[in-house]
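**Q** Once you know that position 551 of the first sequence is 555 in the working numbering, the rest is easy, because the numbers rise by one and skip nothing. Beta carbons are placed, not taken as given, at the ideal position from N, Cα and C, and that holds for glycine. Remember, predicted model here, so these are calculated numbers, not experimental data.
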Amino acid sequence: MRQSKFFMPTLKETPADAVAKSHQLMLRGGYIRQVTAGVYSYLPLAYRVLNKAEKIMEEEMAKINVPECLMPALLPASLWEESGRMKKYGPEMFRLNDRHDRPSLLGPTHEETFTELIAKNLKSYKQMPISLYQIQTKYRDENRPRFGLLRGREFIMLDAYSFAATRQQLDEQFDDEKQAFENIFKRCGVTVRPVIADSGTMGGKDSTEFQAPAEIGEDTIAVNETGTYAANLEMAQSLDDFKQEPEDPQPLEKVATPNCDSIEKLAKFLNVSATRIVKSILYIADGQKVLVLIRGDKQINEAKLAHVIDADDIHEAQTSDLEALTGSAKGGVGPVKADFADRIIADETVKNLYNVVVGASETDYQFKNANLDRDFKVDEFADIRVANEGELDPVDHLPLKFTTSIEVGHIFKLGTYYTKTMGADFLDQNGKAQPVIMGSYGIGVTRMLSAIVEQNLTDHGIAWPKEIAPFDIQLVQMKMNDDQQTAVAEKLESSLSAKYDVLYDDRKERPGVKFNDADLVGAPIRITIGRKVGDGIVEVKRPSDEKAQEVALNDLDAWIAKELG
RNA sequence: CGGGAAUUAGCUCAGCUUGGUAGAGCGCUUCGUUCGGGACGAAGAGGUCACAGGUUCAAAUCCUGCAUUCCCGACCA
């Protein structure tokens, strides 16, 4: 490809709206342009990278015998009424009506579409296990698209769905997909860590996210130093190493604690450590009043809590409503005689505490010397606390480190939610109807591009991993009016193009301009045809190299072959 | 969805407080000199100052509304 004919509008200055490095570089390098919030045009450079990533995905899916198909993005709302998600999905879904006023939508994901296909066309256990996948554009009307391709309203996703007759088949499909995903990420040059994740409100087991650690990720993952434990912060567990020395129960005592609406103020006012206080917070969970208790030095993890309560929507009760709901304003809510609560859930840290401080269910009053069971009851204990950096992991008891990261993939065993609600049954060996067991596997393809760039930055551009670089080799000719240079460059272009993707910078530009654009293209090899070409010498440089090195034209093929494998 | 900010040339921004015919740098076009990390000089092209009302003799500038975009948070099968 001649660069004079190639379209890559590079920018000298960084557009003000771009914050993430990957976003800046993809704009500056002429990879993408924004059309509207969260919606981008993929210009030739980005499209080449996308195609290469998709080709790798196709190869890896073929290896595990999963065929590709393509579902529509435009879907009838009726399909989603069937699964119950038309209501559940909320404002994130792009909804529209067609000319006959039939409710329609743009697919944010495709469980329903695939499940219906299977429901209508798969009847026997003999046809299973089977999987399908597609690489397709998804639509989600995100509240807040950001960081370029990282979170878009229109984005490209690989989504695979497995259909099994037995749990064991599902397990095998899951393991195959997991291996395929790991191969894909490796070949695409993105470093990922499989982490334990939350599978969301749809249920499902063995939920695993593939997280790419990066500077600007939207997620936080907790990892121990050996990598034997890694979890999304939403789910991360940690050991509680605090142990209170046993004490004899003392009589319950009510004390006034004016203006103590936080644990810090209360601890200071009463001159006790936060570990001697039990914090009580009222949550509204799908309309239920749930009083949640946790030791004063810990924070409540709402994702864990939602799981334990099995609620779709949970939020703290408004401070302004507290008095009406519990009889006391902030700084007094407590578990003693808490008749207002439909349920009382406590974190495990509330166990084995003696003579603690709790709210007295009266504004600005606390009880001292409260004891579990004697003074207050708990319906259920669970791990509902936020893990903190430095705490020990539950597996090898090593300190946890936190890293921001980008969720580039998510796989989990979906089970029978969709197949049951949408009637995807098959006949087993006994002629009995059973719901098909599903697995769900996704890669954010365009998001992965952001992750790759974030992980492969150089001082001036991008160092694309070899398999997905938009070009393998960039030829840079210094003087376009030098016939000798032109002859060598054109010869190299034609010989190398037989085996590699070559971009030949044949523009009448100054060297500085060419070098800077080459840094943005980020090809694994840059070949400079310059003043020493008369001696049969060119220069080669990898994006990560500080300086170029000279190579004789005779040795060039070997050097390239060694480099590109 | 809550909070904050921005919107003036293709890009980065100034001008607004104190109303008076629209500015800079970069980019683009032409010519010349340059030519190994975004050159220099000269001459040009390019703007409904997001949009809609209002105040005023006069609005980029003041007032009201609205739209879009970005940031922080919440949300995110």
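Alpha carbon to alpha carbon, how far is residue 46 from residue 506? Give it in angstroms, no decimals.
**A** One-based indexing of the first sequence puts residue 506 at position 502. One-based indexing of the first sequence puts residue 46 at position 42. Distance between the alpha carbons of residue 506 and residue 46 is about 20 Å.
**Q** The alpha helix (DSSP H) spanning residue 363 covers which residue range?
**A** For this step, residue 363 is matched to residue 359 along the first sequence. Here residue 363 belongs to no alpha helix (DSSP H); instead the beta strand (DSSP E) covers 360–366.
**Q** Can you tell which of 314, 332 and 378 has the C-alpha that lies nearest to the C-alpha of residue 264?
**A** Locating residue 264 in the first sequence gives position 260, counting from the first residue. Nearest C-alpha to residue 264: 332.
**Q** Identify the residues that DSSP records as bridge partners of residue 319: which are they?
**A** Locating residue 319 in the first sequence gives position 315, counting from the first residue. 288, per the DSSP bridge assignment.
**Q** Inspect the beta-carbon positions of residue 58 and residue 86 and report whether they are closer than 8 Å.
**A** Position 54 of the first sequence holds residue 58. Position 82 of the first sequence holds residue 86. No, they are not a contact pair.
**Q** Where do the ends of the alpha helix (DSSP H) carrying residue 215 lie?
**A** The count along the first sequence starts at 1 and reaches residue 215 at position 211. Residue 215 -> not in any alpha helix (DSSP H); beta strand (DSSP E) instead, spanning 209–217.
**Q** Under the DSSP definition of a beta bridge, which residues are partnered with residue 573?
**A** The chain is shown from 5 up to 569; residue 573 falls before or after that span and cannot be answered.
**Q** Taking the alpha helix (DSSP H) that residue 421 belongs to, which residues open and close that run?
**A** For the purposes of this step, residue 421 is taken as the residue at position 417 of the first sequence. Element bounds for residue 421: 421–425.
**Q** What's the C-alpha gap between residue 15 and residue 42?
**A** Locating residue 15 in the first sequence gives position 11, counting from the first residue. Locating residue 42 in the first sequence gives position 38, counting from the first residue. So the alpha carbons of these two residues sit roughly 20 Å apart.
**Q** Distance check for residue 192 and residue 60, CA to CA, integer angstroms please.
**A** For the purposes of this step, residue 60 is identified with residue 56 of the first sequence, where counting begins at 1. For the purposes of this step, residue 192 is identified with residue 188 of the first sequence, where counting begins at 1. When rounded, the distance between both Cα atoms is 8 Å.
**Q** Where do the N-terminal and C-terminal ends of the alpha helix (DSSP H) with residue 116 fall, by residue?
**A** Counting from 1 along the first sequence, the entry for residue 116 is found at position 112. Per DSSP, residue 116 belongs to the alpha helix (DSSP H) from 115–125.
**Q** Whole angstroms is fine: what's the gap from residue 353's alpha carbon to residue 240's?
**A** If you number the first sequence from 1, residue 353 lands on position 349. If you number the first sequence from 1, residue 240 lands on position 236. Answer to the nearest angstrom: the Cα atoms are 16 Å apart.
**Q** Considering only the beta carbon of each residue, do residue 425 and residue 111 sit closer than 8 Å?
**A** As a working note, residue 425 is residue 421 in the first sequence. As a working note, residue 111 is residue 107 in the first sequence. In this structure, residue 111 does not lie closer than 8 Å to residue 425 by Cβ.
**Q** Given the structure, does residue 200 come close to the ligand MN, in the sense that its CB is under 7 Å from one of the ligand's heavy atoms?
**A** Looking for the ligand MN in the displayed structure turns up nothing, as the structure carries no ligands at all.
**Q** Exposed or buried, which one is residue 465 when buried takes at least 16 other CB atoms within 10 Å?
**A** Taking the first sequence and counting its residues from 1, one reaches residue 465 at position 461. It is buried - the Cβ of residue 465 has at least 16 other Cβ atoms within 10 Å.
**Q** Let me know if residue 23 comes out buried or exposed under the rule of 16 or more other beta-carbons within 10 Å of its beta-carbon.
**A** Position 19 of the first sequence, counting from 1, holds the residue named residue 23. Exposed: under 16 other Cβ atoms inside 10 Å.
**Q** Tell me the residue span of the alpha helix (DSSP H) that contains residue 185.
**A** For this step, residue 185 is matched to residue 181 along the first sequence. 171–191 is the span of the alpha helix (DSSP H), which, as asked, contains residue 185.
**Q** State buried or exposed for residue 144, treating a residue as buried only when at least 16 other CB atoms are found within 10 Å of its CB.
**A** As a first step, residue 144 is located in the first sequence; it is residue number 140 there, counting from the start. So residue 144 counts as buried.
**Q** Short check: CB of residue 373 to CB of residue 254, under 8 Å?
**A** The sequence position of residue 373 within the first sequence is 369, counting from 1. The sequence position of residue 254 within the first sequence is 250, counting from 1. Yes; because the gap between Cβ atoms is below 8 Å, this pair is in contact.
**Q** Taking the C-alpha atoms as reference points, what is the distance between residue 217 and residue 340?
**A** By one-based count along the first sequence, residue 217 stands at place 213. By one-based count along the first sequence, residue 340 stands at place 336. The alpha-carbon atoms of residue 217 and residue 340 are separated by roughly 44 Å.
**Q** Could you say which of 182, 546, 169 and 36 lies nearest to residue 445 if we only look at CA atoms?
**A** As a working mapping, residue 445 is identified with position 441 in the first sequence. Cα-wise, what sits closest to residue 445 is 182.
**Q** Distance, Cα to Cα, residue 542 vs residue 532?
**A** For the purposes of this step, residue 542 is taken as the residue at position 538 of the first sequence. For the purposes of this step, residue 532 is taken as the residue at position 528 of the first sequence. About 6 Å.
**Q** Quick one, which of 220, 219 and 198 has its alpha-carbon nearest residue 213's?
**A** Here residue 213 corresponds to residue number 209 of the first sequence, with the count starting at 1. Measuring from the Cα of residue 213, the nearest candidate turns out to be 198.
**Q** For residue 95, which residues in the same chain have their Cβ closer than 7 Å to its Cβ, ignoring the five residues on either side in sequence?
**A** What you label residue 95 is simply residue 91 of the first sequence in a count that begins at 1. These residues qualify, in order along the chain: 145.
**Q** Who are the near neighbours of residue 347 in its chain, counting only those whose CB is closer than 6 Å to its CB and skipping five residues on each side?
**A** Numbered from 1 along the first sequence, position 343 holds the residue referred to as residue 347. Cβ within range, chain order: 294 and 383.
**Q** Could you give the distance in angstroms between the alpha-carbon of residue 449 and the alpha-carbon of residue 160?
**A** Taking the first residue of the first sequence as 1, we reach residue 449 at position 445. Taking the first residue of the first sequence as 1, we reach residue 160 at position 156. Their backbone Cα atoms lie some 5 Å apart in a straight line.
**Q** Terminal residues of the continuous beta strand (DSSP E) containing residue 164?
**A** Along the first sequence, one-based indexing puts residue 164 at 160. It spans 158–168 - the beta strand (DSSP E) in which residue 164 sits, taken as one unbroken run.
**Q** Express the C-alpha separation of residue 557 and residue 39 in angstroms, rounding to a whole number.
**A** As a first step, residue 39 is located in the first sequence; it is residue number 35 there, counting from the start. As a first step, residue 557 is located in the first sequence; it is residue number 553 there, counting from the start. If I take the Cα positions, the gap works out to 45 Å.
**Q** Check whether the Cβ atoms of residue 428 and residue 119 lie closer than 8 Å to each other.
**A** As a first step, residue 428 is located in the first sequence; it is residue number 424 there, counting from the start. As a first step, residue 119 is located in the first sequence; it is residue number 115 there, counting from the start. Yes, these two residues count as a Cβ contact at 8 Å.
**Q** Have a look at residue 79 and residue 109 and give me their C-alpha separation to the nearest angstrom.
**A** Here residue 79 refers to the residue found at position 75 when the first sequence is read from its first residue. Here residue 109 refers to the residue found at position 105 when the first sequence is read from its first residue. Going by the C-alpha atoms only, they are around 5 Å apart.
**Q** Out of curiosity, what's the CA-to-CA distance linking residue 306 and residue 318?
**A** Within the first sequence, numbered from 1, the residue matching residue 306 stands at position 302. Within the first sequence, numbered from 1, the residue matching residue 318 stands at position 314. Cα to Cα, the separation comes out at about 8 Å.
**Q** Where residue 574 and residue 338 are concerned, what is the direct C-alpha to C-alpha distance, given to the nearest angstrom?
**A** It is not possible to answer for residue 574, since the shown part of the chain is limited to 5 through 569.
**Q** What residue from 472, 44 and 138 has the CA that sits closest to residue 77's CA?
**A** Counting from 1 along the first sequence, the entry for residue 77 is found at position 73. The candidate whose alpha carbon is nearest that of residue 77 is 138.
**Q** Which runs of the alpha helix (DSSP H), 4 residues or longer, sit entirely within the region 197–282?
**A** Entirely contained in the region 197–282, the alpha helix (DSSP H) runs reaching 4 residues are, in chain order, 267–274.
**Q** Residue 523: which of 536, 538, 511 and 545 sits nearest, CA to CA?
**A** The residue labelled residue 523 in the question sits at position 519 within the first sequence. Nearest of 536, 538, 511 and 545 to residue 523, Cα basis: 545.
**Q** DSSP state of residue 68, grouped into three classes?
**A** Taking the first sequence and counting its residues from 1, one reaches residue 68 at position 64. Of the three classes helix, strand and coil, the one that applies to residue 68 here is coil, per DSSP.
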